[in-house]
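The next block holds one structure in the form of structure tokens; read it before the comments.
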Amino acid sequence: MTKKNIPIIIISNIDYTYSTGTHALKDISLNISKGELIGIMGKNGAGKTTLIRTLNGLIRPQRGSIYINQENIKNETIAQLSQQTGIIFQNPDHQLFSNTVEEEIKFSLKNIYSDKKELQEKTNEILNIFDYERYKSRSPLNLSGGEKKKLALASVVCRNPEILIFDEPTLGQDKKEIEFFIDFIQRQRDQGKTIIIVTHNIEFAYDFIPRILLMSEGRIIADGPTQELLTNKKLIREASLILPQIIQFKNSLEKIGLTIPENIKTEQNLVEYLSMYFKNKKSKSRVN
0 MTKKNIPIII ISNIDYTYST GTHALKDISL NISKGELIGI MGKNGAGKTT LIRTLNGLIR
60 PQRGSIYINQ ENIKNETIAQ LSQQTGIIFQ NPDHQLFSNT VEEEIKFSLK NIYSDKKELQ
120 EKTNEILNIF DYERYKSRSP LNLSGGEKKK LALASVVCRN PEILIFDEPT LGQDKKEIEF
180 FIDFIQRQRD QGKTIIIVTH NIEFAYDFIP RILLMSEGRI IADGPTQELL TNKKLIREAS
240 LILPQIIQFK NSLEKIGLTI PENIKTEQNL VEYLSMYFKN KKSKSRVN
């Protein structure tokens with residue numbers, strides 16, 4: 000097994016039931032390799048958020064085990080786990096509480112940099128990386144929704160955890176903000192970070208995430224290549240999702256008699272194929 004394929008996360012047979020009686024996780028087992036990008040999808044209540052919260056100690060499974068970097072996290076504190084596992088929640092207001100943007104970043108770095116000068120230098124570096132120098136004296140409460148999400152991201156990333164977990168990162172984001180996020184994730188992967196993304200955005204997952212988990216009623220019902228699982232109608236129904244638009248369009252074309260090859264899986268591939276198809280068809284009609 001290569002170093003890259005060594006599991007950084009090993010989840011074995013975990014169960015969790017809330018005090019309300021909701022059985023949120025049912026016998027979940029999962030390995031995630033170091034440096035991997037993986038998505039988790041399913042309808043609301045499927046267990047996605049509960050699962051990711053077990054990875055930083057916010058939720059403690061009542062059965063089973065979780066190992067991170069080959070260490071059982073059962074007795075580790077949330078503070079200890081946050082050094083290696085950073086979660087960026089769906090609602091940034093749940094993790095922003097300082098008076099200014101600068102103080103928010105500085106607070107996240109205090110446990111790492113005890114020297115005041117070094118702390119300020121690192122704070123300035125993070126502000127520049129995320130283009131927050133102009134906002135540093137502003138209250139996080141006065142930022143836009145997209146800027147709040149980016150600040151929540153910065154406050155976690157500045158601690159340099161090995162594992163980054165995102166809960167609905169594209170929700171409420173415009174095209175520019177989503178492009179920033181994709182570029183950011185690619186740069187983090189280049190640094191060897193392990194990325195876990197919970198999302199309802201089927202187009203984003205289909206185009207960008209190589210491996211996907213589908214969850215339903217507290218169980219993992221499928222785990223595999225994203226473009227394979229998200230074109231499986233049976234699994235899509237079971238996970239209460241919809242087919243990606245590219246697949247819906249291909250199905251519509253096939254209904255009118257135009258067969259699209261199986262290897263056409265992206266919008267660009269389809270446009271190129273159709274362009275060539277109609278070009279060839281036009282050439283043949285001229286010959287005839």
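Numbering-wise (numbering that gives the first Met the number 0), the sequence shown opens with residue 0 and increments by one. A virtual CB, placed ideally from N, CA and C, is assigned to each residue, including glycine. These figures come from a predicted structure and were not determined experimentally.
Give the straight-line distance between the Cα atoms of residue i and residue j, rounded to the nearest whole angstrom.
i	j	result
Ile-259	Leu-252	8 Å
Ile-87	Gly-46	17 Å
Ile-289	Ile-246	Shown here, the chain extends from 0 to 287; a query on residue 289 therefore has no answer.
Ile-72	Asp-206	33 Å
Leu-126	Phe-180	16 Å
Asp-182	Ser-215	30 Å
Leu-152	Gly-34	18 Å
Lys-192	Pro-6	13 Å
Thr-99	Lys-135	6 Å
Glu-109	Glu-120	Looking at the sequence provided, one finds Lys at residue 109 rather than Glu. Cα to Cα, Lys-109 sits roughly 12 Å from Glu-120.
Asn-141	Asp-92	11 Å
Arg-137	Leu-234	46 Å
Asp-166	Ile-67	19 Å
Asn-90	Lys-148	8 Å
Gln-190	Arg-59	29 Å
Lys-116	Glu-101	14 Å
Lys-280	Gly-256	14 Å
Ile-128	Ser-113	22 Å
Leu-273	Lys-254	15 Å
Thr-48	Ile-220	16 Å
Gln-69	Gln-226	30 Å
Asp-130	His-22	43 Å
Glu-132	Asn-123	8 Å
Any idea if residue i is buried or exposed, counting beta-carbon neighbours within 10 angstroms, 16 or more meaning buried?
i	result
Pro-209	exposed
Phe-277	exposed
Thr-265	exposed
Thr-198	buried
Tyr-15	buried
Lys-175	exposed
Tyr-17	exposed
Met-275	exposed
Ile-65	buried
Leu-150	buried
Gly-41	buried
Hey, would you say residue i sits closer than 8 Å to residue j, going by beta carbons?
i	j	result
Ile-104	Ser-154	yes
Ile-296	Asn-30	In the structure displayed, the chain extends from 0 to 287; residue 296 sits before or after that span and is not available.
Ile-27	Leu-50	yes
Arg-158	Gln-94	no
Gln-187	Ile-177	no
Arg-52	Ile-13	no
Gly-217	Leu-24	yes
Gly-38	Ala-204	yes
Gln-185	Gly-145	no
Between residue i and the rest of its own chain, which residues show a CB-CB distance below 6 Å, the 5 nearest in sequence each way excluded?
i	result
Ser-97	Glu-103, Phe-106
Ser-85	In the sequence as displayed, the identity of residue 85 is Gly instead of Ser. Here the set comprises Val-155, Pro-160, Leu-163.
Pro-168	Phe-180
Asp-222	Leu-212
Asn-4	Ser-32
Below 7 Å CB to CB, which residues in the same chain sit around residue i once its five sequence neighbours on both sides are set aside?
i	result
Ile-201	Leu-229, Leu-240, Ile-241, Pro-243
Asn-231	none
So, with DSSP's three-state summary, where would you put residue i?
i	result
Ser-107	helix
Arg-62	strand
Phe-165	strand
Asn-71	strand
Asp-92	helix
Asp-189	helix
Ser-251	helix
Asn-4	helix
Pro-160	coil
Ser-138	coil
Ser-113	coil
In chain order, what residues of the same chain lie with their CB nearer than 8 Å to the CB of residue i, ignoring the 5 residues before and after it?
i	result
Pro-224	Pro-209, Arg-210, Ile-211
Phe-248	Leu-269
Asn-250	Leu-242
Thr-76	Gly-56
Does the beta carbon of residue i sit closer than 8 Å to a beta carbon anywhere in chain C?
i	result
Ile-263	Given the protein chain composition of this structure (a single chain), no chain C is represented.
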